[in-house]
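Working notes, structure below.
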Amino acid sequence: MRRTPVLRSDQLTARYGVRLWMKAENLQRGGSFKLRGALLAVDRLAARGSRGVLAQSTGNHAIAVALAARRHRLPAVLVVPTDISAVKVRRIRETGAEVMFAGTTLAERVAAVLQLRDRHRYDVVDPYEDPSVVVGQGTATAELIEQVAAEGGRLDAVVIPIGGGSAVAGACLAAHPHGVAVVGAEPEAVPAFTAALRAGEPVSVAASYTIADGLRPDRIGDLPFALAQHGVAAVVTVDEPGIVDAMRALFLHAGLTVEPAAATALAGAAQYAAGRGVDVGVLLSGGNVEPELLASLLSDTGAATPADSPAGYIPWTDVPWGSHS
Numbered sequence: 001m002r003r004t005p006v007l008r009s010d011q012l013t014a015r016y017g018v019r020l021w022m023k024a025e026n027l028q029r030g031g032s033f034k035l036r037g038a039l040l041a042v043d044r045l046a047a048r049g050s051r052g053v054l055a056q057s058t059g060n061h062a063i064a065v066a067l068a069a070r071r072h073r074l075p076a077v078l079v080v081p082t083d084i085s086a087v088k089v090r091r092i093r094e095t096g097a098e099v100m101f102a103g104t105t106l107a108e109r110v111a112a113v114l115q116l117r118d119r120h121r122y123d124v125v126d127p128y129e130d131p132s133v134v135v136g137q138g139t140a141t142a143e144l145i146e147q148v149a150a151e152g153g154r155l156d157a158v159v160i161p162i163g164g165g166s167a168v169a170g171a172c173l174a175a176h177p178h179g180v181a182v183v184g185a186e187p188e189a190v191p192a193f194t195a196a197l198r199a200g201e202p203v204s205v206a207a208s209y210t211i212a213d214g215l216r217p218d219r220i221g222d223l224p225f226a227l228a229q230h231g232v233a234a235v236v237t238v239d240e241p242g243i244v245d246a247m248r249a250l251f252l253h254a255g256l257t258v259e260p261a262a263a264t265a266l267a268g269a270a271q272y273a274a275g276r277g278v279d280v281g282v283l284l285s286g287g288n289v290e291p292e293l294l295a296s297l298l299s300d301t302g303a304a305t306p307a308d309s310p311a312g313y314i315p316w317t318d319v320p321w322g323s324h325s
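Quick note: the sequence shown uses my numbering, first residue 1, plus one each step.
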């Protein structure tokens, strides 16, 4: 696992009106912060003599569990949705793990995992309900706070993208001892945490399509909700144009290749803190994005060539892809 850098951008700070400190987990092994929780969970299972591991995921948790299992030479079966991006399937298969497709909803994936557990007697590494996973995800926020302090700064808040909730729950554990507020950001199309807050408990939402494929779980996890319900200072929902704009801005102004889920955090930071004159940490959660998607988004801006682009433009073929490990 890498200690990923915390990056700053004068252009993005000016664009969004927020002093940004960006934790570049898109540069993490496996392309996302999910490796943190998966390693902790699988290490503990291996120490207890696990026969193999199972996990369901929209993508990045599956990649992380596959990498952690390979480290211990454990067989792994990963259950993913049928609409998962091809780059994430490729990343899983590169580890030698088995991929199984199961519908498009969380309930379908969970049902498939339970069947496989009974068949193989493997251990399940749940992306939301495993305490080791939640604690591991929180180390990204802990590092962010520590790295900002080492540069003489102090965060007022951290903005965390929300899918199933392990990242925001872990952030609450890590940030509160330092007096740093935790803000969640989720797609307007899949407002699972917002719905849970209104209901007072996790509920399934009628999810619409979102480009942020890593944030598509239609229900927040029970454990993350219990930890984050009273721990978050605010939750913002981000529409699709806002996610796309943030993804483009990160590439064009900071040379960062991130997936839409990570861009959701930046867009959320802008909504939460613009004009407040505060220091905000942003968890850039992952970089497993299809090159074709990125190229399409850039062409839509009219920034097809460096001559048409803002200062600091980096051709997409030259960017250090976060999916490398």
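Don't be surprised by glycine CBs; every beta carbon is placed ideally from N, CA and C.
On a predicted model such as this, the values are computed, not experimentally measured, just so you know.
Check: Which same chain residues, not among the five before or five after Ile-211, have their C-beta less than 7 Å away from its C-beta?
Finding: As a first step, residue 211 must be located in the sequence shown, where it is residue number 211. So the qualifying residues of the chain are Glu-240, Ile-243, Val-244, Pro-260.
Notebook entry, point to check: Would you call the CB atoms of Leu-40 and Ala-140 closer than 7 Å?
Noted result: Residue numbering aside, residue 40 sits at position 40 when the sequence shown is read from its first letter. Residue numbering aside, residue 140 sits at position 140 when the sequence shown is read from its first letter. In this structure, Leu-40 sits away from Ala-140, with a CB-CB distance that is not shorter than 7 Å.
Margin query: Going by the DSSP bridge assignment, what does Gln-347 pair with across the sheet?
Written below: One cannot answer for residue 347 here, as it falls past the ends of the chain, which runs 1 to 325.
Next item on the list: With distances taken Cα to Cα, identify the nearest neighbour of Gln-56 among Ser-50, Ala-66, Ala-47, Gly-49.
Entry: Residue mapping note: residue 56 aligns to position 56 of the sequence shown, counting from 1. Comparing Cα positions, the closest option is Ala-66.
Checklist line | Segment contact, 8 Å Cβ cut-off, at least three pairs: the stretch 189-203 with the stretch 172-181 | finding: no
Next item on the list: Look at the alpha carbon of Gly-31 and the alpha carbon of Gly-214, and state the distance between them as a whole number of angstroms.
Entry: Numbered from its first residue, the sequence shown carries residue 31 at position 31. Numbered from its first residue, the sequence shown carries residue 214 at position 214. Their Cα atoms are separated by approximately 12 Å.
Margin query: Looking only at its chain, what residues have a beta carbon closer than 7 Å to the beta carbon of Ala-326, apart from the 5 residues adjacent to it on each side?
Written below: With the chain represented from 1 up to 325, any question about residue 326 goes unanswered, as that position is not in the structure.
Notebook entry, point to check: Between which two residues does the beta strand (DSSP E) harbouring Leu-20 extend?
Noted result: Your numbering for residue 20 matches position 20 in the sequence shown. Taken as a continuous stretch (DSSP letters only), the beta strand (DSSP E) holding Leu-20 covers 19-24.
Next item on the list: Can you grab the Cα-Cα spacing for the pair His-61 / Leu-27, in whole Å?
Entry: One-based indexing of the sequence shown puts residue 61 at position 61. One-based indexing of the sequence shown puts residue 27 at position 27. Going by the C-alpha atoms only, they are around 15 Å apart.
Checklist line | Closer than 7 Å to chain C by CB, Glu-290 | finding: No chain C is part of this structure, which consists of one protein chain only.
Margin query: Counting C-beta neighbours from all protein chains within 10 Å, is the total for Tyr-128 16 or more, i.e. buried, or is it exposed?
Written below: Indexing the sequence shown from 1 puts residue 128 at position 128. With 16 or more other Cβ atoms within 10 Å, it is buried.
Notebook entry, point to check: If you draw a straight line from the C-alpha of Val-280 to the C-alpha of Ser-9, how long is it?
Noted result: Taking the sequence shown and counting its residues from 1, one reaches residue 280 at position 280. Taking the sequence shown and counting its residues from 1, one reaches residue 9 at position 9. Computed Cα separation, rounded: 13 Å.
Margin query: Let me make sure I understand the geometry here. Which of Val-238, Leu-266, Pro-161 has the alpha-carbon closest to that of Phe-251?
Written below: One-based indexing of the sequence shown puts residue 251 at position 251. Out of Val-238, Leu-266, Pro-161, Leu-266 has the C-alpha closest to the C-alpha of Phe-251.
Note to self: Let me check understanding here. Comparing Cα to Cα, which of Thr-237, His-230, Glu-146 lies closest to Val-182?
What the structure shows: One-based indexing of the sequence shown puts residue 182 at position 182. Ranking the options by Cα distance to Val-182, first place goes to His-230.
Notebook entry, point to check: If you run the structure through DSSP and keep just helix, strand and coil, what is Asp-118?
Noted result: Here residue 118 refers to the residue found at position 118 of the sequence shown. In this structure, Asp-118 counts as helix in the three-state DSSP scheme.
Notebook entry, point to check: Got a sec, what are the start and stop residues for the alpha helix (DSSP H) Phe-193 sits in?
Noted result: Against the sequence shown, residue 193 aligns to sequence position 193. Phe-193 -> alpha helix (DSSP H) spans 192-199.
Notebook entry, point to check: In its own chain, which residues sit with a C-beta less than 6 Å from the C-beta of Lys-34, not counting the 5 before and 5 after it?
Noted result: Here residue 34 refers to the residue found at position 34 of the sequence shown. Excluding sequence neighbours, Lys-34 sits near Asn-60, His-61, Ala-64.
Notebook entry, point to check: Does DSSP put Met-247 in a helix, a strand or coil?
Noted result: Sequence index remark: in the sequence shown, residue 247 carries index 247 (1-based). DSSP places Met-247 in helix when its eight states are reduced to three.
Item checked: According to DSSP, residues forming a beta bridge with Met-100 -> Against the sequence shown, residue 100 aligns to sequence position 100. DSSP output for Met-100 lists Val-79 as bridge partner(s).
Check: If we ignore side chains and look at the alpha-carbon of each, how far apart do Pro-177 and Arg-119 end up?
Finding: Sequence index remark: in the sequence shown, residue 177 carries index 177 (1-based). Sequence index remark: in the sequence shown, residue 119 carries index 119 (1-based). Rounded to the nearest angstrom, the two C-alpha atoms are 43 Å apart.
Item checked: Environment of Asp-83 [buried if 16+ CB atoms lie within 10 Å] -> The residue you call residue 83 lines up with position 83 of the sequence shown. Exposed.
Check: How would you label Arg-3, buried or exposed, when you count the other beta carbons within 10 angstroms and need 16 or more for buried?
Finding: Position 3 of the sequence shown, counted from the first residue, corresponds to residue 3. Classification for Arg-3: exposed.
Next item on the list: Please work out which residues of its chain come closer than 6 Å, Cβ to Cβ, to Thr-102, disregarding the five sequence neighbours upstream and downstream, and give them in chain order.
Entry: The sequence position of residue 102 within the sequence shown is 102, counting from 1. The residue asked about is misnamed: residue 102 is Ala in this sequence, not Thr. Excluding residues within five positions, the ones whose Cβ falls inside 6 Å are Val-79, Glu-108, Arg-109, Ala-112.
Notebook entry, point to check: Are Val-337 and Leu-223 closer than 7 Å when you measure CB to CB?
Noted result: Missing from the structure shown is residue 337; the chain here goes from 1 to 325 and no further.
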